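Take a look at the structure below.
Protein chains in written order, with this note's numbering: chain A, 13 to 234; chain B, 13 to 234.
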């Protein structure tokens, strides 16, 4: 679990673990409260009440409600970015990596539904500099998808008429949209949804020969 | 331009056109104000000010701010549904219709960016019955995509491993997400984006033989 920046001195030594747990709990509760009431409608008092803490104790962890929103938003975004970056960097052809990246992003979204919704709905509540900091990460996010599509295109695995920027946004849109319709315990698991969306994403951009090779590989495995 | 339900008696006769124009203007301004300030932050006074009207005159058209939000949301949604339904019902194979439906939906989203954003962000501000009324239409929206994919699957044009419900949501997600990144006057026109996203959607679900036939058809035309 990430620690709030610049507060590590306060959380060293023997009490380290309980404080980190408390921080994780604070983020979880804040996420839920922002989701239910919206950022404008939520107060630090609401969050403290739900944690069974005094409002004043929250200032041990954060300086303002805005800090908390920024932490909720940037944490879920950075975790997602780590998922896609780690999957993008394994040793395999760029189409296989794209498939794994899309599936990973979908699964991460399904598992962090509430935080993703807060990110997408409340980003505009952050002041410009902090929003820009998050958007820089979002740019990096898109970049992971675009770079893989460009790399695959250079290798002849993606059709030459595909525009990598639009393809990246299309694939990201398909995967991000999951936050609006996925319900835990519904008809499809995150893995099934991730696999289907990833398969459609790859098939949507691949050349005929890359697709044929891919299907032959899948057939050989089954 | 659609008229508000139940108010047709007030707008008959010689003055019909100016009143309809005024209504269209009211919807346009309300959309913009809801977008800029959020539904909670916007007041009928803001909307009246921007129209250069007295607030009291708004009650000639609507009974409450909620009426106005409902009209903004249901209008853009119904217009979009008309676009996709009309494109889904032309005489051609279901994959070609799917392509035209996706392109039409993307173009409609690009051209109604602000209203679509209000729809997606403020739907939850409507009371349950009115939200349900809109969601019924959203269900119909998804149904257009799903029905075409199912029809194409029955005809052997879509791969048997594609799950039509997930494919419909994936394609809709890719197309809906446009509202978050499209900027008028940017690098790509609505038509180019619509064509690319539609092409990827079809390629993402089609069988190899359907794709080969499709590419041969495109090659024959060019």
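Every residue gets a Cβ at the ideal spot worked out from N, C-alpha and C, and that includes glycine. This one's a predicted model, so the numbers in the text were calculated from it and none came from an experiment.
Query raised in the report: Is DSSP giving residue 174/B helix, strand or coil here?
Result: Looking at residue 174/B - three-state DSSP - the assignment turns out to be coil, as it is neither helix nor strand.
Query raised in the report: CA-CA distance, residue 75/A and residue 50/A?
Result: Their backbone Cα atoms lie some 19 Å apart in a straight line.
Requested in this report: For my contact list, residue 126/A and residue 187/A are in at a C-beta cut-off of 8 Å; report their separation, rounded to the angstrom.
Outcome: At roughly 17 Å, the Cβ-Cβ gap does not stay under 8 Å, so residue 126/A and residue 187/A are not in contact.
**Report entry** Assumed close pair residue 41/B, residue 54/B - CB separation to whole angstroms, cut-off 8 Å
**Finding:** The Cβ separation is near 10 Å, so there is no contact.
Query raised in the report: Which chain B residues are close to residue 6/A, counting only those with a beta carbon under 8 Å from its beta carbon?
Result: Only positions 13 to 234 of chain A appear in this structure, which leaves residue 6/A out of reach.
Requested in this report: Quick one: which residues of the segment 164-189 of chain B get their C-beta closer than 9 Å to a C-beta of chain A? List them in chain order.
Outcome: Using a CB distance below 9 Å, the part of the segment 164-189 of chain B facing chain A consists of 171, 173, 174, 175, 177, 178, 179, 181, 182, 183, 184, 185, 186, 187, 188, 189, ordered along the chain.
Query raised in the report: Three or more beta-carbon pairs under 8 Å between the segment 93-112 of chain B and the segment 152-160 of chain B, yes or no?
Result: These segments touch.
Requested in this report: Return helix, strand or coil for residue 218/A, following the three-state DSSP convention.
Outcome: Under the three-state reduction of DSSP output, residue 218/A falls in the strand class.
Requested in this report: For residue 71/A, count neighbouring Cβ atoms within 10 angstroms of its own Cβ and tell me buried if that reaches 16, exposed if not.
Outcome: It counts as exposed.
Query raised in the report: Using Cβ-Cβ distances below 8 Å, what residues of the segment 121-144 of chain A are close to chain B?
Result: Identification of residues in the segment 121-144 of chain A having a C-beta nearer than 8 Å to some C-beta of chain B yields 133, given in sequence order.
Query raised in the report: How big is the Cα-Cα spacing for residue 216/A and residue 122/B?
Result: Computed Cα separation, rounded: 22 Å.
Report task. Tell me, please, whether the CB atom of residue 200/B is closer than 8 Å to any CB atom in chain A? Result -> Yes - at least one Cβ of chain A is within 8 Å of the one on residue 200/B.
Query raised in the report: Okay, do the segment 219-234 of chain A and the segment 197-206 of chain B touch, 3+ Cβ pairs below 8 Å being the bar?
Result: Contact fails: fewer than three Cβ-Cβ distances are below 8 Å.
Requested in this report: Quick one: grab the DSSP three-state call for residue 102/A.
Outcome: Residue 102/A sits in coil when the DSSP states are folded into three classes, being neither helix nor strand.
Query raised in the report: Taking C-alpha atoms, which residue in 194/B, 167/B, 131/B, 177/B lies nearest to residue 39/B?
Result: Per the C-alpha coordinates, the member of 194/B, 167/B, 131/B, 177/B positioned closest to residue 39/B is 131/B.
Requested in this report: List the residues of chain B that residue 217/A touches, going by C-beta distances under 8 Å, in chain order.
Outcome: Per Cβ cutoff of 8 Å: 212, 215.
Query raised in the report: Between which two residues does the alpha helix (DSSP H) containing residue 161/B stretch?
Result: Per DSSP, the unbroken alpha helix (DSSP H) holding residue 161/B starts and ends at 140-166.
Query raised in the report: Looking at the unbroken alpha helix (DSSP H) that takes in residue 198/B, where does it start and where does it end?
Result: From DSSP, residue 198/B is part of no alpha helix (DSSP H); its letter is neither H nor E.
Query raised in the report: Taking DSSP as the reference, what is the three-state secondary structure of residue 277/B?
Result: Given a span of 13 to 234 for chain B in the structure shown, any question on residue 277/B remains unanswerable.
Report task. Mind checking which residues open and close the alpha helix (DSSP H) that includes residue 131/A? Result -> Where residue 131/A is concerned, the enclosing alpha helix (DSSP H) stretches over 125-134.
Requested in this report: State the DSSP-derived secondary structure class of residue 73/A, mapped to helix, strand or coil.
Outcome: Under the three-state reduction of DSSP output, residue 73/A falls in the coil class, being neither helix nor strand.
Query raised in the report: Run through DSSP, which three-state label would residue 169/B get?
Result: Reduced to three states, the DSSP call for residue 169/B is coil.
Query raised in the report: Is the Cβ of residue 228/A closer than 8 Å to any Cβ of chain B?
Result: False, the Cβ-Cβ gap to chain B never drops below 8 Å.
Query raised in the report: Rounded to a whole number of angstroms, what is the C-alpha to C-alpha distance between residue 67/A and residue 33/A?
Result: Each residue's alpha carbon lies about 18 Å from the other.
Query raised in the report: Quick one: Cα of residue 220/B to Cα of residue 157/A, how far?
Result: Computed Cα separation, rounded: 24 Å.
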